[in-house]
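All remarks here apply to the structure that follows.
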Amino acid sequence: MLWLYYALIKTEVILLIIINSIGCVIEAMYISIFLVYAHKKAKIYTAKLILLLDVGVFLLIVLVTFLISTGDTRVKVVGWICVGFTVSVFVAPLSIMKLVITTKSVEFMPIFLSFFLTLCAVAWFFYGLLIKDIYVMLPNVLGFIFGMAQMILYIIYKKPKNAISDEKMKNASVNKEPELEEAKMMDEITIAV
């Protein structure tokens with residue numbers, strides 16, 4: 176919603192308005208579906224977050240920027256606020272990246288999410304470059320860097336499926352050795368009798 180507000184107070188960025196309007200509609204549909212199927216506790220928690228962040232903080236930003244700034248200054252203030260929120264979205268996966276490094280497992284870091292977030296950052300960067308808007312370009316440079324870092328971590332810590340099955344096979348055969356020795360001894364006893 177912040178990017179939609181930014182686009183509305185800035186002139187000649189109809190594409191930014193259209194894209195963010197569609198994004199708001201899709202987000203509202205997703206949240207509605209979640210609220211229909213979630214447990215009561217999750218519904219209440221989500222509703223509180225929506226009221227606090229999507230309504231409260233947004234209205235506070237709109238109110239403050241209308242009271243303390245005008246024209247181009249308002250666009251700059253809202254632009255920097257949008258940069259801050261967008262960077263926080265791209266920085267959020269750092270905790271997952273730390274988990275990947277400590278556990279040496281990419282189980283909690285889906286590669287397709289990282290890949291498409293990186294592509295999205297690249298697309299928004301070039302759009303910002305096209306319209307010469309630093310507030311659109313800047314956070315997406317960081318988005319590209321963090322997205323690439325996630326994909327590099329995925330490549331480093333991804334275990335091939337064959338390696339896992341070979342390891343399991345090895346463990347299984349090591350665990351079965353006493354049973355095999357016992358069976359071999361039973362065969363020898365049977366032959367001797």
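Counted the way this note's numbering counts, the sequence shown spans residues 176 to 368. For each residue, glycine too, the CB sits at the ideal point set by N, CA and C.
Would you report the Cα separation of residue i and residue j, rounded to the nearest angstrom?
i    : j    : result
I192 : W299 : 14 Å
Y278 : K334 : The amino acid at residue 278 is misidentified as Tyr; the sequence shows Thr. Distance between the alpha carbons of T278 and K334 is about 12 Å.
F265 : E202 : 18 Å
K216 : K223 : 11 Å
Y329 : I271 : 11 Å
V250 : S244 : 9 Å
C199 : L234 : 16 Å
P314 : M176 : 16 Å
I286 : I327 : 10 Å
A182 : D247 : 13 Å
A324 : T293 : 10 Å
A338 : D308 : Here A338 scores only 48 on pLDDT, less than 50, and its place in the model is too uncertain to base an answer on.
L242 : I184 : 14 Å
P268 : F290 : 13 Å
W255 : A213 : 35 Å
T221 : V239 : 25 Å
For a test of the three-state rule: what should DSSP assign to residue i, helix, strand or coil?
i    : result
D229 : helix
I306 : coil
T186 : coil
V281 : coil
A347 : Summary for A347: the model assigns pLDDT 46, below 50, so the residue's position carries little reliability, and this model does not support an answer.
A267 : coil
S244 : coil
K251 : helix
A213 : coil
K333 : coil
M272 : helix
M323 : helix
M204 : helix
M312 : helix
Are residue i and residue j touching if we call contact CB-CB under 8 Å?
i    : j    : result
V253 : Y332 : no
I206 : I225 : yes
C295 : W178 : no
K218 : L227 : no
Quick one: measure Cβ to Cβ for residue i and residue j, integer angstroms, because I've assumed they're closer than 8 Å.
i    : j    : result
M284 : V275 : 5 Å
L311 : G322 : It should be pointed out that residue 311 corresponds to Val in this sequence rather than to Leu. Incorrect: roughly 16 Å between the Cβ atoms, too far for contact.
V237 : Y180 : 6 Å
V232 : I306 : Their Cβ separation, rounded to whole angstroms, is 26 Å, which puts V232 and I306 out of contact at 8 Å.
Do residue i and the ligand MG come close, with the Cβ less than 7 Å from some heavy atom?
i    : result
Y205 : Ligands are entirely absent from the displayed structure, and the ligand MG is therefore not among its contents.
Beta-carbon of residue i versus every beta-carbon of chain D: anything under 8 Å?
i    : result
V188 : Of the protein chains in this structure there is only one, and it is not chain D.
Touching by the beta-carbon criterion (3+ pairs, under 8 Å), the region 258–265 and the region 308–326: yes
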